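Please read the structure below before turning to the comments.
Protein chains in written order, with the working numbering: chain H, 1 to 563; chain W, 1 to 184.
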């Protein structure tokens, strides 16, 4: 029996997972249109590579990765691109971002695709396949997976597969593990090979016995040697990467340190599944499992095409009329969607239909009474009451001293706060202020450098110009011996400026004269044959004749005008 | 008595020599205060302070020749930082001299005649172009100093305010909504 470890704090919110686990994963219908954002991952936004009006096939790349940290975006089904424009996306800000709107033709016609045998393929190529297939972390962080599957810098001992799924309401990973355990493990095996990891620890919270059983069965059936399925205690936020690594291995990932530096790497189970599909079948990431729950008649998990508008998706689950908003993600860390028109993205693990009865508006915040319950539950072992204090006072230097950036924004502190203070909002505010300042500072540094370089450049150009002039002068002086009166120049190369100038003028005049003498321009009327001369005479005669006619015509023209 | 005096004289000479040596050895080049002030300034190099760039303004402040409220791009926060650094009172901006919304220059490429005057005006070399060729602003490097506006003979440069987008959006200070509880 493996010795499990503990992370600090944690809370037990009501899980609400039973509602959506009663039925298997259903295939969501192809919607009337797909709104596919080009920025669904961490890193640079994908660059659109299709035209409006173009017909695209299922799996065709519509956005190519831009730069090192980026990922591809694909057409989720076959159809016609109707627009590439700014549309509202699933983001806290409610601001628009570049999206491709696709009108499906209903044929669901695949582009030609084929997989590879991962054992016969070099790792670089496997990573390239992942990048081109748009595989990103599906646990919610959406970090490009190809960038995570390196082990050249640090030796990775343990690959942690995250099936904890600690947030209330969300069950997409649970259902995926119950139904597609074998493929998840095969994907994990590919990742293990890529990382040269010695073991794969699959952490699943013990409130998912069916998933644990299914995964254990799959490990046995496929005879995976290095894998172990471990039931971890149900405790929010036990599904956070750092927390799960801590529980499974006892390693505490320090502030500002990557887990790879500590010999571990963490992937979500759904990511492992997609890795397998991409490598072995050449299927890019076109759909994902989304839990639709909350204020709906039939809470359920759906396999949803990326880009499906949320309003069309929730209709299939029978959303009730008193729904007032859609939450993407869980109730603790989720995003309030700005509208039902936003498309499902790679980060959408759950849509909770919220109603005032289900999620009553929070009561007004009361003053902090310094009870430190937040400090008791903080999984990052911070002092949330202090962070709140400094963030509220806009003392951002102090918030950083109190390790604000170790905060994972899990919301456990706000959950237990007896004064109902929206603590996470304060932390997010402080973080974005610090980021902005940091950016401005960097921009100022670059501007300073550029300005200093410009000043330097102007100075240098001035010097170079002066040098060029001086060089010319020297060259002229050196060239003097060929001129008619070279004696003084030879005698004194450092003659005073007036002298050099005079000499140059003299030289130039002499040269000009020589040139004139040498190049008496030849005339084309010299040395003509008698035939040519006859021709010229004829032309001259004709010209004279025309002149005569023209002068007469001119006189004729004038007379009618006058009359 | 005499020996004590000699000892004291010896010590004072020795210490004096050490101090004199270190004054030469560890001499600080330039005024460190100027560097510190320059680090606070936003480096737009816009000249709105009346000095030809941020460094000259920093030097003027250090010499006590300029006020600390002459830098609109730095905003009130910039004045606060300068006041804190120099240990002086905060001084608000003069009438109509406050900061403006952040903007980047934009060249209307249809109108540009390729005269290179703006290229010479740009303090951070953020304009690309050549004589009789179309010019364009490298928006990511533009500090919004507006120095290119005046020299343009065809007035084809305008300032475009930076709009809020997903990339530069930030979380707001959590505000408590005011609700009327007792309508009368």
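Even for Gly, the Cβ is constructed at its ideal location relative to N, Cα and C.
Since we're looking at a predicted model, the values are computed, not measured.
Nearest residue (CA-CA) to residue i, options the options
i, options, result
"residue 205 (chain H)", "H:217, H:229, H:456, H:234", "H:234"
"residue 167 (chain W)", "H:213, H:467, H:436, H:504", "H:436"
"residue 110 (chain W)", "W:157, W:100, W:141", "W:157"
"residue 114 (chain H)", "H:388, H:280, H:60", "H:280"
"residue 352 (chain H)", "H:183, H:291, H:109, H:50", "H:291"
"residue 328 (chain H)", "H:317, H:192, H:232, H:345", "H:345"
"residue 121 (chain W)", "W:145, W:61, W:64", "W:145"
"residue 150 (chain H)", "H:168, H:130, H:166, H:322", "H:130"
"residue 148 (chain W)", "W:98, W:116, W:18", "W:116"
"residue 48 (chain H)", "H:71, H:31, H:265", "H:71"
"residue 297 (chain H)", "H:225, H:112, H:316", "H:316"
"residue 99 (chain W)", "W:150, W:130, W:16, W:44", "W:44"
Residue i, buried or exposed, once every other Cβ within 10 Å from all chains shown has been counted against 16
i, result
"residue 21 (chain W)", "exposed"
"residue 23 (chain H)", "exposed"
"residue 170 (chain H)", "buried"
"residue 135 (chain W)", "buried"
"residue 276 (chain H)", "buried"
"residue 463 (chain H)", "exposed"
"residue 404 (chain H)", "buried"
"residue 487 (chain H)", "With a pLDDT of 49 at residue 487 (chain H), under the threshold of 50, the modelled position of this residue cannot be trusted; read the value that follows with caution. Looking at its Cβ environment, which holds fewer than 16 other Cβ atoms inside 10 Å, residue 487 (chain H) is exposed."
"residue 61 (chain W)", "buried"
"residue 6 (chain H)", "exposed"
"residue 397 (chain H)", "exposed"
"residue 431 (chain H)", "buried"
"residue 415 (chain H)", "buried"
"residue 563 (chain H)", "Per-residue confidence for residue 563 (chain H) stands at a pLDDT of 36, beneath the threshold of 50, marking its modelled position as unreliable; the derived number appears in the next sentence. Residue 563 (chain H) comes out exposed."
Cβ separation of residue i and residue j, assumed to be a contact under 8 Å, to the nearest whole Å
i, j, result
"residue 451 (chain H)", "residue 124 (chain W)", "5 Å"
"residue 230 (chain H)", "residue 195 (chain H)", "About 19 Å separates the two Cβ atoms, so there is no contact after all."
"residue 8 (chain H)", "residue 381 (chain H)", "4 Å"
"residue 42 (chain H)", "residue 143 (chain H)", "5 Å"
"residue 83 (chain W)", "residue 160 (chain W)", "That belief does not hold up - the Cβ atoms of residue 83 (chain W) and residue 160 (chain W) are roughly 32 Å apart, past 8 Å."
"residue 245 (chain H)", "residue 160 (chain H)", "6 Å"
"residue 240 (chain H)", "residue 379 (chain H)", "7 Å"
"residue 57 (chain W)", "residue 49 (chain W)", "5 Å"
"residue 84 (chain H)", "residue 74 (chain H)", "In fact, because the Cβ distance is near 15 Å, the residues do not count as touching under 8 Å."
"residue 133 (chain H)", "residue 174 (chain H)", "The Cβ separation is near 24 Å, so there is no contact."
"residue 402 (chain H)", "residue 387 (chain H)", "5 Å"
"residue 237 (chain H)", "residue 14 (chain H)", "Not really, about 15 Å apart at Cβ, beyond 8 Å."
"residue 427 (chain H)", "residue 409 (chain H)", "6 Å"
Neighbour flag for residue i against chain H, beta carbons, 8 Å
i, result
"residue 160 (chain W)", "no"
"residue 124 (chain W)", "yes"
"residue 42 (chain W)", "yes"
"residue 166 (chain W)", "yes"
"residue 136 (chain W)", "no"
"residue 180 (chain W)", "no"
"residue 6 (chain W)", "no"
"residue 116 (chain W)", "no"
"residue 143 (chain W)", "yes"
"residue 30 (chain W)", "no"
"residue 153 (chain W)", "no"
"residue 37 (chain W)", "no"
Proximity test, Cβ basis, 8 Å: residue i and chain W
i, result
"residue 495 (chain H)", "Note that residue 495 (chain H) has pLDDT 49, beneath the 50 cutoff, so the model's placement of it is unreliable and no number is given."
"residue 224 (chain H)", "no"
"residue 364 (chain H)", "yes"
"residue 436 (chain H)", "yes"
"residue 415 (chain H)", "no"
"residue 165 (chain H)", "no"
"residue 426 (chain H)", "yes"
"residue 459 (chain H)", "no"
"residue 384 (chain H)", "no"
"residue 10 (chain H)", "no"
"residue 447 (chain H)", "yes"
"residue 267 (chain H)", "no"
"residue 429 (chain H)", "yes"
"residue 2 (chain H)", "no"
"residue 355 (chain H)", "no"
"residue 41 (chain H)", "no"
Q) Counting pairs of Cβ atoms below 8 Å between the stretch 308-322 of chain H and the stretch 335-350 of chain H, do you hit three or more? A) Judged by pairs of C-beta atoms under 8 Å, the stretch 308-322 of chain H touches the stretch 335-350 of chain H, as three or more such pairs exist.
Q.
Between the stretch 248-258 of chain H and the stretch 82-93 of chain H, can you find at least three pairs of beta-carbon atoms closer than 8 Å?
A. Touching, no, given that fewer than three Cβ pairs across the two stretches are closer than 8 Å.
Q) For the stretch 147-156 of chain H against the stretch 180-197 of chain H, are there 3 or more C-beta pairs whose distance is under 8 Å? A) By the Cβ criterion, the stretch 147-156 of chain H is in contact with the stretch 180-197 of chain H, since at least three pairs of Cβ atoms, one from each stretch, lie closer than 8 Å.
**Q.** Cβ contact (3+ pairs, closer than 8 Å) linking the stretch 141-158 of chain W and the stretch 51-69 of chain H
**A.** Between the stretch 141-158 of chain W and the stretch 51-69 of chain H, the count of Cβ pairs shorter than 8 Å is below three; the stretches do not touch.
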